[in-house]
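In what follows, a structure is listed as structure tokens, so that the remarks can point back to it.
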Amino acid sequence: MSATTSVEKAAQDRLHAVDGDTGTDANGREDDGTLSTPLDMLLSEASRSPLRRFVPGMSGVRMTAALARRPQRVVRRGLGLTADLARIGVGRSDLAPSEKDRRFAEEAWSRNPLFKRTLQGYLALGQAARGLVEDAELDWGDGQRMGFIVDNLVEATAPSNNPFLNPKVLKRTLDTGGGNLLEGGRRLVRDFATPPRVPSMVESDAFEVGADLAVTPGTVVLRTDVFELIQYTPQTPQVREVPLLVVPPTINKYYVIDLAEERSMVEHLVRGGQQVFVISWRNPDARHADWGLDTYGQAIIEAMTACEKISRQDRTSVLGICSGGMIASMLVAHLADIGEADRVASFSLMVTVLDQERAGVTSALLSHKTAAASTRASKEKGYLDGRALAEIFAWLRPNDLIWNYWVNNYLMGHAPKAFDILYWNADPVRMTAAMHHDFMDLALRNALVTAGESTMLGSKVDLGKIDRDTYVVAGIADHLCKWESCYQSTQLFGGDTKFVLSTSGHIAAMVNPPGNPKASFQTAPENPADAAAWLEGAHKVKGSWWDDYVAWLDARSGAERNKPRKAGNAAYAPLCEAPGTYVHDR
Amino acid sequence: MSTTAEGRDAVRSRDRVRSVSVRGLQARVSVRAARGDRVGEPPLLLCNGIGISLEALQPLVDALDPDRGVVRFDVPGVGGSQAPPFPYPIAALASWVGALMTKLGHREYDALGLSWGGGLAQQLAVQSRKRVRRVVLVATGTGMLMVPAHPRVLRIMSTPRRHRDPAYAATVAPLIYGGSMRTDPARGAALLHATTRSGPKRGYYYQLAAMTGWTSLPFLGLLRQPTLVMGGDDDPIIPAANPRMQAALIPNARLHLYAGGHLGVLTEADELVPVIEAFLDEDRG
Chain A
22 MSATTSVEKA AQDRLHAVDG DTGTDANGRE DDGTLSTPLD MLLSEASRSP LRRFVPGMSG
82 VRMTAALARR PQRVVRRGLG LTADLARIGV GRSDLAPSEK DRRFAEEAWS RNPLFKRTLQ
142 GYLALGQAAR GLVEDAELDW GDGQRMGFIV DNLVEATAPS NNPFLNPKVL KRTLDTGGGN
202 LLEGGRRLVR DFATPPRVPS MVESDAFEVG ADLAVTPGTV VLRTDVFELI QYTPQTPQVR
262 EVPLLVVPPT INKYYVIDLA EERSMVEHLV RGGQQVFVIS WRNPDARHAD WGLDTYGQAI
322 IEAMTACEKI SRQDRTSVLG ICSGGMIASM LVAHLADIGE ADRVASFSLM VTVLDQERAG
382 VTSALLSHKT AAASTRASKE KGYLDGRALA EIFAWLRPND LIWNYWVNNY LMGHAPKAFD
442 ILYWNADPVR MTAAMHHDFM DLALRNALVT AGESTMLGSK VDLGKIDRDT YVVAGIADHL
502 CKWESCYQST QLFGGDTKFV LSTSGHIAAM VNPPGNPKAS FQTAPENPAD AAAWLEGAHK
562 VKGSWWDDYV AWLDARSGAE RNKPRKAGNA AYAPLCEAPG TYVHDR
Chain B
26 MSTTAEGRDA VRSRDRVRSV SVRGLQARVS VRAARGDRVG EPPLLLCNGI GISLEALQPL
86 VDALDPDRGV VRFDVPGVGG SQAPPFPYPI AALASWVGAL MTKLGHREYD ALGLSWGGGL
146 AQQLAVQSRK RVRRVVLVAT GTGMLMVPAH PRVLRIMSTP RRHRDPAYAA TVAPLIYGGS
206 MRTDPARGAA LLHATTRSGP KRGYYYQLAA MTGWTSLPFL GLLRQPTLVM GGDDDPIIPA
266 ANPRMQAALI PNARLHLYAG GHLGVLTEAD ELVPVIEAFL DEDRG
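Here you go:
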């Protein structure tokens with residue numbers, strides 16, 4: 022029992038690393054969210070080489086100039102550092118890493134004088150380097166950039182990353198006669214030979230899609246160039262009349278909502294008596310470069326039509342997740358525009374940002390120039406490689422996602438532990454050049470907020486026209502889609518909105534199976550304009566929001582009826598079993 | 026539970042596409058389990074032509090005995106399979122395919138190689154002679170030492186463009202594939218484009234590179250398996266002299282020349298697949 026718990030705990034920790042959900046980072050600093058990573062920034066950075074992020078460029082020039090104007094500060098820093106190092110040398114320094122810093126948990130770091138001095142010297146140097154950035158008093162954008170670069174350098178030079186300075190690694194090297202470094206070297210070569218050029222967080226054969234992930238029974242009932250539609254097999258004698266169509270993100274495989282058994286949202290919904298249909302997007306390549314927002318919007322309409330025909334209804338509940346939620350929102354607005362709003366029985370959004378206006382992060386890190394360069398690069402190639410996104414994302418949280426695995430995989434020679442979400446995370450989908458362009462355009466102009474600024478299938482998009490009941494979910498520690506930004510959707514839609522704030526980050530907020538005694542979420546009867554005001558008025562509910570969501574859907578899914586005897590119908594004949602074929606395309 | 030069983034029975038295609046990790050490479054494979062009295066018989070492993078994904082073999086699979094077990098896969102870097110970090114020699118690929126079949130639980134199997142895949146099938150046959158029971162070589166040559174195609178054909182073959190650009194495919198299909206594609210070039214484009222997943226270009230060039238310097242000529246005499254060699258009389262890529270030569274050099278081989286082009290086994294599957302079936306079933310009591 023205890024073994025299971027500790028495995029679960031470790032898995033949870035690693036998930037939090039991906040999510041950016043630790044609350045405190047590995048250095049133990051309180052996480053103030055300055056490094057939150059908007060999706061659009063990831064998209065704009067992804068076609069550039071990660072190395073370019075570490076070239077200071079003009080920010081560096083300005084920092085040098087700023088420091089040159091304040092020589093006395095630089096001198097003071099230098100003297101302070103010298104004094105620190107002198108104290109360390111004679112063993113009188115009390116510099117110590119944060120208690121929460123797992124990198125230096127080994128006893129040798131505090132008891133062995135040699136290791137202690139190495140560590141203290143590193144801490145002193147790091148403090149001085151970070152101090153210099155503060156001294157330069159750069160403007161906000163340059164400060165962010167230089168801070169990012171210096172932080173990365175400081176973290177990269179940590180003695181724990183060095184096989185000769187890390188006591189844990191030295192001990193293991195003695196124990197295994199160097200076998201750990203041999204095995205680690207082999208892993209290093211394999212990981213860095215192909216993108217993403219970051220340490221792998223999970224073995225490539227840790228899981229098999231269709232065997233231990235994406236296993237909820239279902240049938241592919243429609244295959245188009247763009248997607249496969251999976252109809253899940255009912256597991257209750259009675260099902261709700263109105264089908265539910267899930268529109269997953271376009272930059273990851275859909276099976277994040279159908280992970281292992283008991284961790285699958287699809288399974289939960291099916292067992293809750295819903296008729297669940299899920300879109301599995303094709304992994305596009307260079308030939309599909311011109312698939313844009315309209316292509317994906319049209320695909321959702323085709324899927325809705327199939328849901329309606331198969332379940333003999335004239336309406337469908339639509340659930341959009343992350344980037345899938347953006348497209349779905351635009352499509353629902355389009356349906357409202359052409360007078361077919363009734364086709365949508367209810368609308369749900371998970372971890373989706375529609376209003377991209379937020380405190381300066383975008384303006385600092387996402388410039389029009391970068392965006393243009395980025396879309397140009399993907400246009401040449403025909404698509405944006407999901408693995409490039411993974412690289413960028415990893416380098417934004419290097420301690421958790423790079424150096425942690427650097428030590429584990431290469432220096433210790435251990436295999437990374439098997440964890441389903443990390444496996445999913447390492448199985449990305451490409452984004453077509455046209456889609457990339459469309460997303461960047463929406464982000465730069467924040468075009469979804471103002472009616473008529475964007476178009477979907479010929480309609481001018483006005484989210485205010487969406488008068489359906491909506492259910493909006495966000496994660497409080499979501500670094501990719503900040504919950505405050507997700508919350509803004511409640512102000513955009515015209516209908517009745519229930520906003521639910523889950524614990525954890527982007528992925529863990531979504532993968533929230535009932536049964537966890539610590540699970541809870543917050544919700545409130547009113548949606549004031551200000552997210553902070555909402556949080557004040559919100560109350561905490563124990564349990565997973567999955568159950569709350571099923572109840573909410575039930576109220577909007579019509580009457581109960583006997584489950585359908587077969588998948589599909591004459592017009593939509595079953596093609597193959599779930600998870601289908603597109604999900605296997607790398 | 027009963028609904029699940031009913032749902033599965035209703036599913037038309039018995040092919041199950043999976044993603045399997047073999048020696049650290051994710052491979053996309055399609056497996057059709059044997060059924061009826063063929064359960065327990067060795068399945069047929071299909072080795073595909075260059076640059077195309079396993080869907081392209083559908084006409085061939087459809088024409089086979091529906092009870093026969095069939096395994097198809099995307100070569101690394103092509104279709105839905107992960108590209109390997111480095112180029113590989115054909116022998117390494119053959120060994121990898123052996124590992125794939127082991128992983129899928131097949132100790133013994135028949136191997137059919139089409140075009141480029143014929144090279145792989147020959148290598149596999151000599152490398153795993155205990156495991157490969159029978160060999161079918163369709164429209165394939167002996168590698169570097171063979172009767173070469175026209176330089177114009179070779180130039181078209183030297184890039185994956187025909188797999189990526191349907192208009193171009195329609196133009197060049199008659200020229201390189203011959204046979205019925207001469208009268209109906211759109212068919213070639215449809216065959217290669219509509220169903221084909223396209224991997225990185227690198228995958229195609231790895232495939233080309235794997236065959237560089239490789240030839241089966243010296244070892245054809247060592248093949249012990251019963252072998253069926255098939256070739257078209259209007260195949261611009263593999264002139265008919267090649268299958269003749271193969272059949273002459275392989276000790277236990279027979280030759281079947283047909284009227285048609287390079288992809289005849291796909292375009293005229295209903296005529297040619299029965300020949301293959303008859304050959305594979307020769308041992309059956």
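Chains as they are written, first to last, in my numbering: chain A, 22 to 607; chain B, 26 to 310.
Note that the Cβ used here is the ideal one computed from N, Cα and C, for glycine as well.
Interfacial residues, the segment 210-233 of chain A to chain B, with Cβ spacing under 7 Å:
Arg211, Ala214, Thr215, Ser225, Asp226, Glu229, Val230 and Gly231
On the criterion of 16 or more Cβ atoms from any shown chain inside 10 Å, does B:Pro243 qualify as buried, or is it exposed?
exposed
Would you give the residue range spanned by the beta strand (DSSP E) that A:Ile342 belongs to?
Thr337 to Ile342
Determine whether the beta carbon atoms of B:Val96 and B:Val64 lie at a separation below 8 Å.
no
Measure the C-alpha to C-alpha separation of B:Pro225 and A:Asp306 and round it to an integer number of angstroms.
8 Å
Measuring only between beta-carbons, confirm whether B:Ser223 sits less than 8 Å from chain A.
yes
Ordered along the chain, which non-local residues of its own chain (more than five positions away) have a Cβ less than 6 Å from that of A:Asp279?
Ala235, Thr237, Ser285 and Val287
Verify whether the separation of the beta carbon atoms of B:Ala174 and B:Pro264 is less than 8 Å.
yes
For A:Asp406, count neighbouring Cβ atoms within 10 angstroms of its own Cβ and tell me buried if that reaches 16, exposed if not.
buried
Tell me whether B:Ile301 is buried or exposed, calling it buried when 16 or more other Cβ atoms sit within 10 Å of its Cβ.
buried
Jot down the residue ranges of each uninterrupted beta strand (DSSP E) in the segment 106-192 of chain B, minimum 3 residues, whole runs only, in chain order.
134-139 and 157-163
Could you check if B:Gly144 is buried or exposed, using at least 16 other CB atoms within 10 Å of its CB as the buried criterion?
buried
Assess contact between the segment 314-329 of chain A and the segment 248-258 of chain A, defined as three or more Cβ pairs (one per stretch) separated by less than 8 Å. Is contact present?
yes
Can you confirm whether A:Thr491, when its beta carbon is compared against all beta carbons of chain B, has any partner nearer than 8 Å?
no
What runs of the alpha helix (DSSP H), each 4 residues or longer, lie entirely inside the segment 227-279 of chain A?
none
Counting only Cβ pairs nearer than 8 Å, list the residues of chain A close to B:Phe304.
Those within 8 Å of B:Phe304 in chain A number zero; the least Cβ separation is about 29 Å.
Residues in the same chain with beta-carbon distance under 7 Å from A:Gly589, minus the five sequence neighbours each way, listed in chain order, please.
Thr240, Val242, Gln252, Ile331 and Pro595
Three or more C-beta pairs under 8 Å: does that hold for the segment 67-80 of chain B against the segment 127-138 of chain B?
yes
Quick check on the burial criterion: 16 or more other C-beta atoms within 10 angstroms. Buried or exposed for B:His287?
buried
Please report how far the alpha carbon of A:Leu478 lies from the alpha carbon of A:Ser80, in whole angstroms.
42 Å
Do A:Met371 and A:Val494 have their beta-carbon atoms positioned less than 8 Å apart in this structure?
yes
Could you give the DSSP three-state label for A:Met222: helix, strand or coil?
coil
Kindly provide the ranges of any alpha helix (DSSP H) runs that are 4 or more residues long and lie completely inside the segment 425-481 of chain A, ordered along the chain.
441-446 and 454-466
Neighbour-count burial assignment, B:Pro185, 16 or more Cβ in a 10 Å radius:
buried
Do A:Ile528 and A:Val291 come within 8 Å of each other at the CB atom, strictly closer than that value?
no
Of the choices B:Pro268, B:Gln148 and B:Asp258, whose alpha-carbon is the least far from that of B:Ser205?
B:Asp258
With 16 as the cutoff for other CB atoms within 10 Å, does B:Arg93 come out buried or exposed?
buried
Measure the C-alpha to C-alpha separation of B:Ser241 and A:Leu209 and round it to an integer number of angstroms.
36 Å
Once the 5 residues before and after A:Asp358 are set aside, which same chain residues still bring their CB inside 6 Å of it?
Ser480
Which of helix, strand or coil does DSSP assign to A:Gly54?
Confidence at A:Gly54 is low in this model, with a pLDDT of 36, below 50, so its placement is unreliable and the value that follows should be read with caution. Coil, per DSSP.
Below 8 Å on the Cβ atoms is my guess for A:Arg218 versus A:Glu474; work out the distance and round it to an integer in Å.
That pair is no contact at about 38 Å.
Once DSSP output is grouped into helix, strand and coil, what is the label at A:Trp302?
strand
Once the 5 residues before and after B:Ala52 are set aside, which same chain residues still bring their CB inside 8 Å of it?
Ser44, Val45, Ser46, Phe98, Asp99, Pro101, Ser106, Gln107 and Leu125
With C-beta atoms as the reference, is B:Trp239 less than 8 Å away from B:Gly168?
yes
Which residues in chain A sit within 7 Å of B:Gln51, going by Cβ to Cβ distance?
Ser225 and Arg607
Can you name the residues that DSSP bridges to B:Leu70?
B:Val96 and B:Ala136
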